[in-house]
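Going by our numbering, the first residue of the sequence shown is number 595, and it counts up by one from there. First the structure, in the form of structure tokens, and then the observations on it.
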Amino acid sequence: MWSDKSVSCQSLLISGLIALWPLNSIAGLTDFIDIASFSSTATTLNTYTFNQFNNDIQISSSPLNFDSFSVSIEGVDESNISNLLDAAPFVNGPFDIDASTYLFLKTRPATKIIFDFDYPTYHFGATFRDIQNANVRMEFIVEGQSTMPSASFIQNDIRFYGFYSSEPFSSVELQSKSFLIDGFGMDNLMYSMSPVPLPAGIYLFLSGLVGLGLMRGRNA
């Protein structure tokens, strides 16, 4: 027999945990243009370069998988050289960051680039070349919130841009701003991760908690 007290406590505990978990919450984004300041907000950051790739790889609607994230496009890409992993000798240029393999990306009104992460992520940053050239042409979308680098009037400008989220997110979308087109290079992706997959981890935890409650209820 279950005691009313144990069932009530179990229900309250589970309800409280669900309430605390940020399901469909809107993240607060803080952006950075300095790597040191960006890094200071994280205990551990992963940095991913694309140097191990020696051949060009086209980005498509099928996710291109890397260590713990993937990149894909949504919509119609108007050129087979506008969104790709660009290895030397470079198809596009000059958009490389340090003469090594990099991502050449181009946001269009009908095309967005999507980064999907295998685990909850709080940080996203990278070194970009020629992003927002002379105008604000694109934006990053996270959980319905947008953030964007400022425009640069320096030709072939290489600079860092990143942001921290107050809530975990699983994907970042890069899309056109005001129907403009922006082509740029991206390398040295930096991100933080939690060891518990999103969203399965919380469900497994709650399932275990329910099981424990049931066992205790039977023993009551």
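Ideal Cβ placement from N, Cα and C applies to all residues, glycine included.
Cβ neighbours of I651 within its own chain (closer than 7 Å, five residues either side excluded): L658, L678 and L679.
Per the coordinates, the alpha-carbon of D781 lies some 11 Å from the alpha-carbon of R753. Taking 8 Å as the cut-off, the Cβ atoms of Q726 and S746 count as close. Annotation: the continuous beta strand (DSSP E) that includes A720 extends over T705 to R723.
Excluding sequence positions up to five before and after K771, its CB lies within less than 6 Å of the CB of V730, R731, M732 and E733, all in the same chain and listed in chain order. Per DSSP, reduced to three states, the secondary structure at F763 is strand. Taking the Cα positions, S664 is about 18 Å away from S676. Inclusion of L768 and T701 in the CB contact set at 8 Å is warranted, their separation being smaller than that value.
Rounded to the nearest angstrom, the Cβ distance from F644 to L697 is 7 Å, consistent with a contact under 8 Å. Per the coordinates, the alpha-carbon of I629 lies some 13 Å from the alpha-carbon of T638. By alpha-carbon distance to F722, the top candidate from F773, A681, F647 and N750 is N750. Assignment of F757 by DSSP, reduced to helix, strand and coil, places it in the strand class.
The three-state secondary structure of S673, taken from DSSP, is coil.
No Cβ-Cβ contact shorter than 8 Å links P762 with P688. Beyond the five residues adjoining it in sequence on each side, F647 comes within less than 7 Å, by CB distance, of L679, A681 and T695 in the same chain, given in chain order. Put simply, the backbone Cα of T741 is about 7 Å away from that of L623.
By DSSP's assignment, L623 forms a beta bridge with S759.
Annotation: L774 to S655 spans about 21 Å, alpha carbon to alpha carbon. With a beta-carbon spacing of about 4 Å, D625 and F757 fall inside the 8 Å limit used to define contacts. Residue environment for P743: buried (at least 16 other C-beta atoms within 10 angstroms of its C-beta). Beta-carbon to beta-carbon, F711 and S633 are separated by about 18 Å, too far to satisfy the 8 Å threshold. With a contact defined as Cβ atoms closer than 8 Å, N686 and Y785 miss out at about 24 Å. For S631, the enclosing alpha helix (DSSP H) stretches over residues I629 to S633.
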